[in-house]
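See structure below.
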């Protein structure tokens, strides 16, 4: 339950008491913003007293009489605007006119209520104002969450880049100063290690760009009929050199067509991440099995490895941004910590889901189910069949 503080500024005692009586016991449901509101009401009989109370405790809403003794309602509005008070104001007047309404609005009034008004009219005006206040609160909360996420994101990114940059700088200084004497093999090794670090940073940047395009909704999607088996074969062929270096066997199990209306680049990202991880986190001489199968509703991708596996605690945070499983067995494995996060976000574009089972020192199995027709996306095959039937009639 949210509480909104209301200050009634009016020189008429009956008006102040009446407004307090109506609002004090009022609870308003705002289902479209998922909030419920009740009101705490205070009173002031003049503009000067009202400003003093606002200075002491800024309310969320002010019901402000236009005609007050001494400082007028418009003068109070001017002060609130000049002091940049974050408060919503409903101007109340017995002299309703277009000119007054325009003047009050220009000075910062949110709404206008003409005397005499009924309890129902007061409730309607306050409900509208409460809705606006709650939207503002939500916007501020989201902005703060966004700021915190951005700060955390930049901090983690800086941390991820700092270590490889420091390593490369160290290698280059050794090479420049010829600290290894005439040992050319040592220099070559430093250059190779620098290239590996640079490749890790390049992968981080690519994954970061993929993730930001997906989350921003700015990625242009090119949806076409696609046999996912073709993408799986390409992903495996790309990673075979890395697998062969460690004598890891990679097998594809995909006998029947698995056609999906999809963006090829998105499916490539999903499969490349799955197969790459299965190779990277495998043991020497291990095995990777990639299975692609389809039914009427979906296409399923399953990648099983015989690698180092993961604990239950690791699985719980596996799909978070920048999360990498760090232990003695993974400390020399480079990665951005964004691949699986990106994969899961892409799967949701297809109404899909990602699951994983894993056992330490035994291996892991990742399963991605992509719906052929997510909510709101028309089945391209059904559409074509409909056209054929129409042409046949």
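Residue numbers (my numbering): 368 to 760. No residue lacks a Cβ here, since even glycine has one placed at the ideal position from N, Cα and C.
Residue 410 - partner residues in DSSP beta bridges: 375
Where residue 677 sits in the DSSP three-state scheme: coil
Beta-carbon proximity of residue 655 to residue 642, cut-off 9 Å: yes
Environment of residue 725 [buried if 16+ CB atoms lie within 10 Å]: buried
Proximity test, Cβ basis, 9 Å: residue 490 and chain B: Judged by its chain identifiers, the structure shown contains no chain B, having just a single protein chain.
In chain order, each alpha helix (DSSP H) run of at least 4 residues that lies wholly inside the region 471-559: 486-544
Residue 611: first and last residue of the uninterrupted alpha helix (DSSP H) it sits in: 595-612
For residue 631, the first and last residue of its enclosing alpha helix (DSSP H): 631-647
Helix, strand or coil at residue 616 [DSSP, three-state]: strand
Neighbourhood of residue 445 by C-beta distance below 7 Å, restricted to the same chain and skipping five residues each side: 474
Alpha-carbon spacing of residue 401 relative to residue 651, whole angstroms: 54 Å
Member of 635, 553, 594, 625 whose CA lies at the smallest distance from the CA of residue 605: 635
Distance between residue 573 and residue 712 (C-alpha atoms, nearest Å): 16 Å
As assigned by DSSP and simplified to three states, the class of residue 431: strand
Three-pair Cβ contact test at 8 Å for the region 620-630 versus the region 726-742: yes
Check whether residue 409 and residue 375 have beta carbons under 9 Å apart: yes
Alpha-carbon spacing of residue 553 relative to residue 538, whole angstroms: 10 Å
Residue 425 (DSSP reduced to helix, strand or coil): coil
Nearest to residue 390 (by Cα), restricted to the options 489, 412, 593: 489
Buried versus exposed, by CB contacts within 10 Å (16 or more), residue 733: buried
Nearest neighbour of residue 708, chosen from 535, 617, 684, 665 [CA to CA]: 684
For residue 381, the three-state DSSP class (helix, strand or coil): helix
The region 532-547 in contact with the region 558-566 per 3-pair CB rule at 8 Å: yes
Where residue 760 falls, given that 16 or more other Cβ within 10 Å makes a residue buried: The pLDDT assigned to residue 760 is 36, lower than 50, so where the model puts this residue is not dependable; a value taken from the coordinates is nonetheless given after this. Classification of residue 760: exposed, given that the 10 Å Cβ count is below 16.
Three-way DSSP call (helix, strand, coil) for residue 671 in this model: strand
Residue 729 in three-state terms, based on DSSP: coil
Among 450, 451, 443, 449, nearest to residue 457 - alpha-carbon criterion: 443
Residues sharing a beta bridge with residue 663, DSSP: According to DSSP, which records beta bridges pairwise, residue 663 is partnered with nothing at all.
Outcome for residue 672 when other beta-carbon atoms lying within 10 angstroms are tallied against a minimum of 16: buried
Beta carbon of residue 471 nearer than 9 Å to that of residue 441: yes
Supposed close pair residue 455, residue 427 - CB separation, criterion 8 Å: 7 Å
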